[in-house]
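**Student:**
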Amino acid sequence: MKTGFAKVGEVELECPVQSPDLDPTEHLWDELERRMERLVGVGVGPLAVGAVGLLLLLRMIHRAKRKQVLQDKVVVITGASSGLGKECARVFHAAGARLILCGRDQKRLQEVVEELRVKTDGNTKTYTPCTVTFDLSDTATVAKAAVEILKCHGHVDVLVNNAGISYRGSILDTHVSVQKDVMDTNYFGPVALTQAILPYMVERGAGHIVVISSVQGKIAIPYRSAYAASKHATQAYFDCLRAEVERFGLHVSVISPGYIRTNLSLNAVTGDGSKYGVMDKTTAAGRDPVDVAHAVLKAVTYRQKDVLLVGPLPALAVYLRTLWPAAFFRVMASRAKKEKGIKEQ
Ligand SMILES: NC(=O)c1ccc[n+]([C@@H]2O[C@H](COP(=O)([O-])OP(=O)(O)OC[C@H]3O[C@@H](n4cnc5c(N)ncnc54)[C@H](OP(=O)(O)O)[C@@H]3O)[C@@H](O)[C@H]2O)c1
406 MKTGFAKVGE VELECPVQSP DLDPTEHLWD ELERRMERLV GVGVGPLAVG
456 AVGLLLLLRM IHRAKRKQVL QDKVVVITGA SSGLGKECAR VFHAAGARLI
506 LCGRDQKRLQ EVVEELRVKT DGNTKTYTPC TVTFDLSDTA TVAKAAVEIL
556 KCHGHVDVLV NNAGISYRGS ILDTHVSVQK DVMDTNYFGP VALTQAILPY
606 MVERGAGHIV VISSVQGKIA IPYRSAYAAS KHATQAYFDC LRAEVERFGL
656 HVSVISPGYI RTNLSLNAVT GDGSKYGVMD KTTAAGRDPV DVAHAVLKAV
706 TYRQKDVLLV GPLPALAVYL RTLWPAAFFR VMASRAKKEK GIKEQ
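FYI, in our numbering the residues of the sequence shown are 406 to 750.
(1) In three-state terms, what does DSSP make of residue 602?
(2) Pull up the distance between the alpha-carbon of residue 583 and that of residue 462, whole angstroms please.
(3) Using the three-state DSSP reduction, which class does residue 624 fall into: helix, strand or coil?
(4) With 16 as the cutoff for other CB atoms within 10 Å, does residue 504 come out buried or exposed?
(5) Rounded to whole angstroms, what is the Cα-Cα separation between residue 671 and residue 694?
(6) For a quick check, are the C-beta atoms of residue 655 and residue 612 less than 8 angstroms apart?
(7) Taking the alpha carbon of residue 623 as the reference point, which residue from 713, 631, 707 has its own alpha carbon closest?
(8) Under 7 angstroms from any heavy atom of ligand 1, does the C-beta of residue 528 make it?
(9) What ranges does the alpha helix (DSSP H) occupy inside the stretch 676-730, keeping only unbroken runs of at least 4 residues that lie completely in it?
(10) Enumerate in chain order the residues of its own chain whose CB-to-CB distance from residue 609 is below 7 angstroms, with the five nearest sequence positions on each side excluded.
(11) Report the three-state DSSP secondary structure of residue 508 (helix, strand or coil).
(12) Under the rule that 16 or more other beta-carbon atoms within 10 Å means buried, what is residue 724, buried or exposed?
(13) What's the call for residue 765, buried or exposed, on a 16-neighbour Cβ count within 10 Å?
(14) Using a threshold of 7 angstroms, is the CB atom of residue 513 nearer than that to any non-hydrogen atom of ligand 1?
(15) With DSSP as the reference, please indicate the residues paired to residue 566 in a beta bridge.
(16) Between the C-alpha atoms of residue 639 and residue 498, what's the straight-line distance to the nearest angstrom?
(17) At a cut-off of 7 angstroms, is residue 562 close to ligand 1 when judged by its beta-carbon and the heavy atoms of the ligand?
(18) So, helix, strand or coil for residue 655, using DSSP?
(19) Please report whether the beta-carbon of residue 482 lies at a distance below 8 angstroms from any beta-carbon of chain B.
(20) Which one of 478, 726, 717 has the shortest CA to CA distance from residue 529?
(21) For ligand 1, I want to know if residue 727 counts as a neighbour, meaning its beta carbon is within less than 7 angstroms of at least one of the ligand's heavy atoms.
(22) If you follow the beta strand (DSSP E) that residue 483 is part of, which residue opens it and which one closes it?
(23) By the three-class DSSP mapping on this structure, what secondary structure does residue 451 have?
(24) Considering residue 538, what are the terminal residues of the beta strand (DSSP E) in which it resides?
(25) Residues in its own chain within less than 7 angstroms of residue 451 by CB, not counting five upstream and five downstream?
(26) Measure from the alpha carbon of residue 558 to the alpha carbon of each residue in 572, 711, 533, then state which is nearest.
(27) What is the DSSP secondary structure of residue 596, reduced to helix, strand or coil?
(28) Shorter than 7 angstroms, the distance from the beta carbon of residue 541 to the closest heavy atom of ligand 1, or not?
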């Protein structure tokens with residue numbers, strides 16, 4: 406018997422070739438079978454079976470843990486009408502949580518409710534969500550909204566402070582009122598909502614508060630002053646909160662993602678308060694919001710305190726800011742010069 410080379414896809418294997426009119430892949434499969442037998446002979450087969458078994462076991466443990474933490478629990482999600490909030494609504498609903506969805510637009514929230522109403526997930530008991538409509542930037546109405554939220558099921562187990570807006574502009578061209586508006590939505594709104602619900606969690610000795618911050622809560626990049634400042638304040642407030650409420654049995658998670666593929670840049674405001682209205686390339690190429698929503702679910706399931714969801718370069722920048730600030734400032738100044746150059750062209 407002659408031997409030759411046969412190719413399946415990108416894999417090229419040496420195998421016996423009997424005759425040109427016979428299907429060469431038949432011999433390829435024989436060869437693969439022989440190789441597998443050899444691997445089983447040296448113990449790789451049982452190892453592979455063991456690894457798959459272990460993975461299945463871990464998956465079962467994870468599902469049981471998720472069920473224990475989230476089945477029937479009351480979960481409030483702000484900014485549930487779009488982007489990450491909408492995906493969080495989907496994954497927490499599928500995990501069996503009783504949802505209270507918040508936003509400014511009742512019609513869009515109702516569309517999410519309609520989608521989730523008909524969804525059932527295998528063995529998990531699911532519930533039709535409630536909605537509460539309010540504007541987070543109006544802190545006076547947030548306390549009233551908290552009363553409405555508490556009326557839905559009598560208590561809150563998990564509060565996901567997700568709603569937010571972004572900003573694009575140079576500090577020189579930005580009205581102080583815009584700096585304040587972004588701060589109201591991204592910082593004072595979540596603070597007011599958290600403080601309105603917190604006493605009820607303390608009283609029950611149970612509760613988990615999540616806030617969706619950003620990697621810009623850890624590092625400040627040029628032309629994002631209002632946004633980065635609001636997220637830095639968010640990180641600081643919720644770090645303090647975590648330390649203060651641990652003794653009551655409460656948990657706090659700060660989630661800091663990099664770019665996510667949502668409408669955040671489209672909805673961003675500029676220095677004069679007008680809508681930016683551009684889908685930035687960085688946002689369009691960002692993480693899938695489904696993956697980020699699963700990371701939020703995981704943070705609640707395993708009570709993770711601080712989750713940074715970024716690639717290696719932004720992660721390096723976070724460490725550089727702490728360990729070698731001078732280098733970080735140099736990189737940011739050159740980035741600012743480059744971006745300004747692009748805008749002036
Ligand atoms: N996308 C990213 O690249 C990225 C990266 C890191 C962190 N994040 C954070 O992720 C969170 C979710 O943003 P997203 O990316 O999903 O953006 P999005 O698609 O624009 O969603 C923002 C949500 O916030 C709500 N919202 C905005 N202003 C509000 C206000 N004044 N009162 C009440 N609700 C308000 C919006 O609801 P209505 O308009 O219906 O009221 C909407 O549901 C934000 O905190 C954002 O900072 C996003």
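For every residue, glycine included, the Cβ atom is placed at its ideal position computed from N, Cα and C.
**Tutor:** Quick answer:
(1) helix
(2) 51 angstroms
(3) coil
(4) buried
(5) 16 angstroms
(6) yes
(7) 713
(8) no
(9) 686-689, 694-706, 717-728
(10) 560
(11) strand
(12) exposed
(13) With the chain covering 406 to 750 only, the question about residue 765 has no answer from this structure.
(14) yes
(15) 616
(16) 26 angstroms
(17) no
(18) strand
(19) This model lacks chain B altogether, as it is built from one protein chain only.
(20) 478
(21) no
(22) 479-483
(23) helix
(24) 535-538
(25) none
(26) 533
(27) helix
(28) yes
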